[in-house]
Every structure is written in C-alpha cells, then in structure tokens.
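**Student:**
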Amino acid sequence: MGVSERKKREFEKRELNILTTAIGLFQINHPSSVKMDDIAKQLEIGRGTIYLHFKSKDDLMARIQYEDYLRLRERLEVALKEPTGLEMARRAVRAYVEHCLGDKNMYLVAKQCGDSMNLNNVSEEMREKLFHERSNRLNVLEKIYKQARAENLINSKGAYPNVAVAWGMIRGAVEVLLDGHFLKEIKSEKSYIETLEHVLFFGLFSPNSNTKGESV
Numbered sequence: 001m002g003v004s005e006r007k008k009r010e011f012e013k014r015e016l017n018i019l020t021t022a023i024g025l026f027q028i029n030h031p032s033s034v035k036m037d038d039i040a041k042q043l044e045i046g047r048g049t050i051y052l053h054f055k056s057k058d059d060l061m062a063r064i065q066y067e068d069y070l071r072l073r074e075r076l077e078v079a080l081k082e083p084t085g086l087e088m089a090r091r092a093v094r095a096y097v098e099h100c101l102g103d104k105n106m107y108l109v110a111k112q113c114g115d116s117m118n119l120n121n122v123s124e125e126m127r128e129k130l131f132h133e134r135s136n137r138l139n140v141l142e143k144i145y146k147q148a149r150a151e152n153l154i155n156s157k158g159a160y161p162n163v164a165v166a167w168g169m170i171r172g173a174v175e176v177l178l179d180g181h182f183l184k185e186i187k188s189e190k191s192y193i194e195t196l197e198h199v200l201f202f203g204l205f206s207p208n209s210n211t212k213g214e215s216v
C-alpha cells in the first residue's frame, strides 16, 4: 500500500470515528448542547482535526441527516418492486415505519440534527447532497403515487397534496410513539401500525377502489 493510499484510508477511518462519536454523544445530549470540543475530547484529538473533515458542527449534523436520508430511500425503493400501486404504497409505509422504529435512537438523532442545524453554515457540497437526496426520495414516492393513480386507486387531488398528507400522517403517527404519548393506552405497537395503515388507506384510496372491505 502506498503512502497516499494509507493516508486516505486513515482519513476515512478518522472521519467515520468522528461521526460515530458525535452520534453517540447526540444520543446522550441534544445535538445543540454538544460542542465540537466535546467530540474532540472524546476522541482525544484536537478540535482543528475535526475541521479537516467538517466545515462546522452544522456540516457534521448535515452529514448525519444525509446518511439517514440515504438509508431511508434505500428502504423505500424496495417498494417499487411490488406488482401493484396498492402493494407499493403499503410496502413504503412499512418501510418508513421500520426505518424510524427499527433504530429509534438513530432516527431521533438524525431528526434533531435536521431541526438544529443552520444550513447557512453547511458546506455547499453537503447542502447540494441534502437537496438532491430529498429530491430522490420524492421521486420514489411520486412513482408509487403515479402507479396507484394509473390503477384508479387514488383521488384526483394531485401528487404532492396526496403524498404530503400521507407522509405527514405517517410521520405524525410514528412520533406519537417516539414522544411517549399514549404509553398506557397503546398496548401493541404492531396493532397501532395496522391501525395507521387502515386509516391511511381507507382515507387515501377512493371508495370504488378494490380496497373496499379489504382487511389490513
């Protein structure tokens, strides 16, 4: 292995260590209260070394959110393999819920990073990646919507109103669990998700679709 290759690998390894350490600290304390000095101290490196990898703490938080975006899109894309629009939509809903609840701590860290970061302090390259990945995710959802629309399953309100309302319902339902609401009342997480699917699909798909009377 040449010197340049070895230095590249060391650089990548250190960057991964910075990200892993930051995520660990963000799981203990809100990202807004963690300083770059805290991360550097944990890693026993100088704060300046971190800035070789990330322009700012906002840039670091953006990277964490970006990586979460990638994982989510990969899960959602699996839904495109389903044969019908209805099955695509159901698979996408479950993929999103599994993404959020499968690793609740990671989901919360990524969400808190997104809520806390100042995009003006994020590098141009990372901002472009965030916007591009958001566009990629919307493209996946739009494909599912168009397939269901072609099968006459969805109302005529338009792609973005339907997708946005459905996304908001699902995200809100997930955060009810993550925020600890109805802990005593909701006995089964599985039953709760099945109820979400029932409400979503019977509200989203038109009455003359083949979902009428179908059990979820």
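When the letters of the sequence shown are read in order and numbered with the UniProt record's numbering, they come out as residues 1 to 216. Beta carbons are placed, not taken as given, at the ideal position from N, Cα and C, and that holds for glycine. Being a predicted model, the structure only gives us computed values, none of them experimental.
1. Which of the three DSSP states, helix, strand or coil, is assigned to Ile-45?
2. Output the distance between the C-alpha atoms of Glu-98 and Tyr-69, rounded to the nearest integer angstrom.
3. Can you tell me whether Ile-170 is helix, strand or coil according to DSSP?
4. With distances taken Cα to Cα, identify the nearest neighbour of Leu-52 among Glu-15, His-181, Glu-125, Pro-31.
5. To the nearest angstrom, how far is it from the Cα of Thr-21 to the Cα of Lys-55?
6. Is the segment 158–171 close to the segment 105–117, with three or more CB pairs under 8 Å?
7. Please name the residue or residues paired with Ile-18 in a DSSP beta bridge.
8. Between the beta-carbon of Gln-65 and the beta-carbon of Cys-113, is there less than 9 Å?
9. So, for Arg-75: in the same chain, excluding its five sequence neighbours on each side, which residues have a beta-carbon less than 6 Å away from its beta-carbon?
10. Between Leu-130, Ala-148, Glu-175, which has its C-alpha nearest Arg-63's C-alpha?
11. What distance in whole Å lies between the Cβ atoms of Arg-73 and Val-140, which are believed to be in contact at a cut-off of 8 Å?
12. Which value, in whole angstroms, describes the spacing of the CA atoms of Pro-31 and Glu-10?
13. Classify Glu-186 as helix, strand or coil using the three-state DSSP reduction.
14. For the alpha helix (DSSP H) that Met-88 lies in, which residues bound it at each end?
15. Hey, how far is the Cα of Val-199 from the Cα of Ile-193?
16. Please classify Cys-37: is it buried, with 16 or more other beta-carbons within 10 angstroms of its beta-carbon, or exposed?
17. So Leu-153 and Leu-60 are supposed to be a Cβ contact under 8 Å. How far apart are they, rounded?
18. Less than 8 Å between the CB atoms is what I'm expecting for Leu-80 and Lys-143, so what's the real figure, rounded?
19. Do Ala-89 and Phe-202 have their CB atoms nearer than 9 Å?
20. From this set, Glu-151, Val-93, Asp-58, which residue's C-alpha is nearest Glu-124's C-alpha?
**Tutor:** Quick look at the numbers:
1. Taking the sequence shown and counting its residues from 1, one reaches residue 45 at position 45. Coil at Ile-45, not helix or strand.
2. Residue numbering aside, residue 98 sits at position 98 when the sequence shown is read from its first letter. Residue numbering aside, residue 69 sits at position 69 when the sequence shown is read from its first letter. In a straight line, the C-alpha of Glu-98 is about 14 Å away from that of Tyr-69.
3. Within the sequence shown, the letter at position 170 stands for residue 170. Per DSSP, reduced to three states, the secondary structure at Ile-170 is helical.
4. Walking along the sequence shown from the start, residue 52 turns up at place 52. Here the closest residue by C-alpha is Glu-15.
5. One-based indexing of the sequence shown puts residue 21 at position 21. One-based indexing of the sequence shown puts residue 55 at position 55. It is roughly 17 Å from the alpha-carbon of Thr-21 to the alpha-carbon of Lys-55.
6. No, the segment 158–171 does not touch the segment 105–117.
7. On the sequence shown, residue 18 is found 18 positions in, with the first residue counted as 1. Per DSSP, Ile-18 has no beta-bridge partner at all.
8. For the purposes of this step, residue 65 is taken as the residue at position 65 of the sequence shown. For the purposes of this step, residue 113 is taken as the residue at position 113 of the sequence shown. Cβ distance < 9 Å, so Gln-65 and Cys-113 count as in contact.
9. Position 75 of the sequence shown, counted from the start, is the residue given in the question as residue 75. When the five nearest sequence neighbours on each side are left out, the beta carbons in the same chain lying within less than 6 Å of the beta carbon of Arg-75 are those of Ala-95, His-99, in order along the chain.
10. To locate residue 63, count along the sequence shown from 1; it is residue 63. Ranking Leu-130, Ala-148, Glu-175 by Cα distance to Arg-63 puts Leu-130 first.
11. Position 140 of the sequence shown, counted from the first residue, corresponds to residue 140. Position 73 of the sequence shown, counted from the first residue, corresponds to residue 73. The Cβ separation is near 6 Å, so the contact holds.
12. For this step, residue 31 is matched to residue 31 along the sequence shown. For this step, residue 10 is matched to residue 10 along the sequence shown. The straight-line gap separating the alpha-carbon atoms of Pro-31 and Glu-10 is approximately 26 Å.
13. Residue 186 sits at position 186 when you count from the first residue of the sequence shown. According to the sequence displayed, residue 186 carries Ile and not Glu. DSSP places Ile-186 in coil when its eight states are reduced to three.
14. The residue given as residue 88 occupies position 88 in the sequence shown. 85–102 is the span of the alpha helix (DSSP H), which, as asked, contains Met-88.
15. Position 199 of the sequence shown, counted from the first residue, corresponds to residue 199. Position 193 of the sequence shown, counted from the first residue, corresponds to residue 193. Inter-residue distance for Val-199 and Ile-193 is about 10 Å (C-alpha atoms, whole angstroms).
16. Translated into positions along the sequence shown, residue 37 becomes position 37. Correcting the residue identity first, residue 37 is Asp in this sequence and not Cys. Exposed.
17. Position 153 of the sequence shown, counted from the start, is the residue given in the question as residue 153. Position 60 of the sequence shown, counted from the start, is the residue given in the question as residue 60. The pair is not a contact, with the Cβ atoms about 42 Å apart (cut-off 8 Å).
18. Here residue 80 corresponds to residue number 80 of the sequence shown, with the count starting at 1. Here residue 143 corresponds to residue number 143 of the sequence shown, with the count starting at 1. The C-beta distance from Leu-80 to Lys-143 rounds to 6 Å, short enough to meet the 8 Å contact threshold.
19. Reading the sequence shown from its first residue, position 89 is the one you call residue 89. Reading the sequence shown from its first residue, position 202 is the one you call residue 202. A distance of 9 Å or more separates the beta carbons of Ala-89 and Phe-202.
20. As a first step, residue 124 must be located in the sequence shown, where it is residue number 124. Checking every option, the nearest Cα to that of Glu-124 belongs to Asp-58.
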